[in-house]
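**Student:** To start, I am sharing the structure in question, which I have written as structure tokens.
In UniProt numbering, the protein residues as written are 1 to 263.
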């Protein structure tokens, strides 16, 4: 085993270390960036003057695709749960690169178009892009990166909630659909946002000896940052839920605030 491989291998690893060349990260990420650029151009033909709706629909599309890919990843390689730290394969690698491409494009899109406060969103994207890129460069902790991306399951409901409220006339059985989305939103928020953070911190504590000290510190800080953002997001979610049931002065129901929400 050469020196490079030794740097990323631990005797307790359940799977052999098989590094994937970083060029594949560049290829998959670039293709994803181009894909979301094309999708967004198509969306703009529907929402010509409303960038927030464009961005929300684009985020919803990414969340749906990512959630389906994560399900396929589990079906394809359930053994990843035996040791998420050392397990890797090209399919799981490409899922992570796919999401990096989306977050890079969304970062660019927010800088170009958003008129609201986007500092929390940009901070979220920087943390996520840095963490996921580090995972792919080392081909290490790929399984834990997929755990992190499982937050996208909640994002499906989070963005669907807004889309339904913006276009109520487009759906039948609207009250049932709203109730389903709201229930699914809170359940998946607790399971995939708070739950994943707790599981990640527990794993980082138990398996701290398998990480290099600087990498362990960086990962802990990244998880904690995402956890704090989730708390802020949950507060906004509750606040919007209350506001949506409160009548404004002109007698119309407030359906949402013009704020961005991270995927």
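Here a beta-carbon is modelled for each residue, glycine too, at the ideal position from N, C-alpha and C.
Would residue 189 and residue 237 qualify as a contact pair, given that the criterion is a beta-carbon distance under 9 Å?
**Tutor:** Going by C-beta atoms, residue 189 is nearer than 9 Å to residue 237.
**Student:** Out of 63, 64 and 91, point me to the one whose CA is closest to residue 75's CA.
**Tutor:** That would be 91, whose Cα lies nearest to the Cα of residue 75.
**Student:** On the criterion of 16 or more Cβ atoms from any shown chain inside 10 Å, does residue 50 qualify as buried, or is it exposed?
**Tutor:** The residue in question, residue 50, is exposed, as its Cβ has fewer than 16 Cβ neighbours within 10 Å.
**Student:** So is residue 81 buried or exposed if we call it buried at 16+ other beta carbons inside 10 Å?
**Tutor:** By the neighbour-count rule (16 or more Cβ atoms within 10 Å), residue 81 is not buried but exposed.
**Student:** Which value, in whole angstroms, describes the spacing of the CA atoms of residue 18 and residue 143?
**Tutor:** Cα-Cα distance, rounded: 14 Å.
**Student:** For the alpha helix (DSSP H) that residue 202 lies in, which residues bound it at each end?
**Tutor:** Residues 195-206.
**Student:** Rank 26, 141, 54 and 185 by C-alpha distance to the C-alpha of residue 156 and give the top, closest one.
**Tutor:** The residue with the shortest Cα to Cα distance from residue 156 is 185.
**Student:** Is residue 83 helix, strand or coil when you go by DSSP?
**Tutor:** Coil, per DSSP.
**Student:** Using a C-beta cutoff of 9 Å, does residue 154 count as contacting chain B?
**Tutor:** Of the chains in the structure shown, none is chain B; there is only one protein chain.
**Student:** Going by CA-CA distance only, name the one from 164, 148, 224 and 181 that's closest to residue 66.
**Tutor:** Looking at the Cα atoms, 148 is the closest of the given residues.
**Student:** Excluding the five sequence neighbours on either side, which residues of its own chain have a C-beta within less than 7 Å of the C-beta of residue 177, listed in chain order?
**Tutor:** Closer than 7 Å at the Cβ level, and outside the excluded window around residue 177, lie 164 and 171.
**Student:** Quick check: what's the CA-CA separation for residue 206 versus residue 63?
**Tutor:** Near 30 Å, if we compare the C-alpha coordinates of residue 63 and residue 206.
**Student:** Using only the alpha-carbon positions, how far apart do residue 26 and residue 96 sit?
**Tutor:** One C-alpha to the other measures close to 12 Å.
**Student:** What's the gap between the Cα of residue 201 and the Cα of residue 223?
**Tutor:** Roughly 7 Å separates the two Cα atoms.
**Student:** Please confirm if the stretch 100-118 is in contact with the stretch 23-39, defined as three or more CB-CB distances below 8 Å between the two stretches.
**Tutor:** A contact exists between the stretch 100-118 and the stretch 23-39.
**Student:** Can you name the start and end residues of the alpha helix (DSSP H) that residue 10 belongs to?
**Tutor:** Unbroken run through residue 10: none, as it is neither H nor E.
**Student:** According to the neighbour-count rule (16 or more other Cβ atoms, all chains shown, within 10 Å of its Cβ), is residue 212 buried or exposed?
**Tutor:** The residue is exposed, with fewer than 16 neighbouring Cβ atoms inside 10 Å.
**Student:** In terms of residue numbering, what span does the alpha helix (DSSP H) encompassing residue 130 cover?
**Tutor:** Counting along the chain, the alpha helix (DSSP H) containing residue 130 begins and ends at 119-138.
**Student:** For residue 220, which residues of its own chain have a beta-carbon under 7 Å away from its beta-carbon, when the five flanking residues on both sides are left out?
**Tutor:** Once the five neighbours on either side are set aside, the close Cβ partners of residue 220 are 204.
**Student:** Whose CA, out of 108, 44, 120 and 20, lies closest to the CA of residue 232?
**Tutor:** Minimum Cα distance to residue 232 is reached at 120.
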